[in-house]
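Read through the structure below, which is laid out as structure tokens, and then see the notes.
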Amino acid sequence: MTEPFKMIEMALKELIERELPNAEGRVGGDLSFDPATQDFYVWLGLVPGGTADQISGSWILDIDVFAKGYVEAVTLANALEAVLLRPRHTTSEMRIDNTYQNTGPTERPWDDESVFRVGGTYVFTARRSG
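So for the sequence shown, our numbering puts the first residue at 1483; every next one is plus one.
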């Protein structure tokens, strides 16, 4: 069986890659943004809290957009916010029943000043589908 965080990470990766233009291969739980080869990257970071088992759960995630330009980072973070806050999403593995926003997209600090980081904090309730 898949770990509870991996379940929501895989579901959100599938959803974002499907709904956000040009996101395929640019979404994940690691910080693999390379400004030399990518225009942007969407990072999924688990925040302590929430509860989950192998069937369903509630997760709190920071979802950040890393981009080479400030306008691009803000534009993508706002587009991502619109996707995430739509009601009920279904992926191949999970049904995301509810999404709540703790904080909307705001600029966040990052060590590399040539990279812009804009993100928000979201709470998801979801369950395995099928």
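Using N, Cα and C, we set each Cβ at its ideal position, and we do this for glycine too. If you're wondering where the values come from, they're calculated on a predicted model, not measured in any experiment.
### Simplified DSSP assignment, three categories, for F1515
DSSP places F1515 in coil when its eight states are reduced to three.
### Task
Could you spell out the range, first to last residue, of the alpha helix (DSSP H) harbouring A1555?
Residues Y1552 to L1566.
### Query
Less than 8 Å separating the beta-carbons of R1508 and F1487?
Result no, Cβ atoms of R1508 and F1487 do not sit closer than 8 Å.
### Query
Quick one, which of V1547, P1587 and G1539 has its alpha-carbon nearest F1606's?
Cα-wise, what sits closest to F1606 is G1539.
### Query
Within this structure, are the beta carbons of E1563 and G1586 separated by less than 8 Å?
Going by C-beta atoms, E1563 is nearer than 8 Å to G1586.
### Task
Measure the C-alpha to C-alpha separation of M1492 and R1609 and round it to an integer number of angstroms.
The straight-line gap from Cα to Cα measures roughly 13 Å.
### Query
Closest to L1566 by CA distance: which of Y1604, W1541 and Y1552 is it?
Closest option to L1566, Cα to Cα, is Y1604.
### Message
According to DSSP, is L1528 part of a helix, a strand, or is it coil?
### Response
In this structure, L1528 counts as strand in the three-state DSSP scheme.
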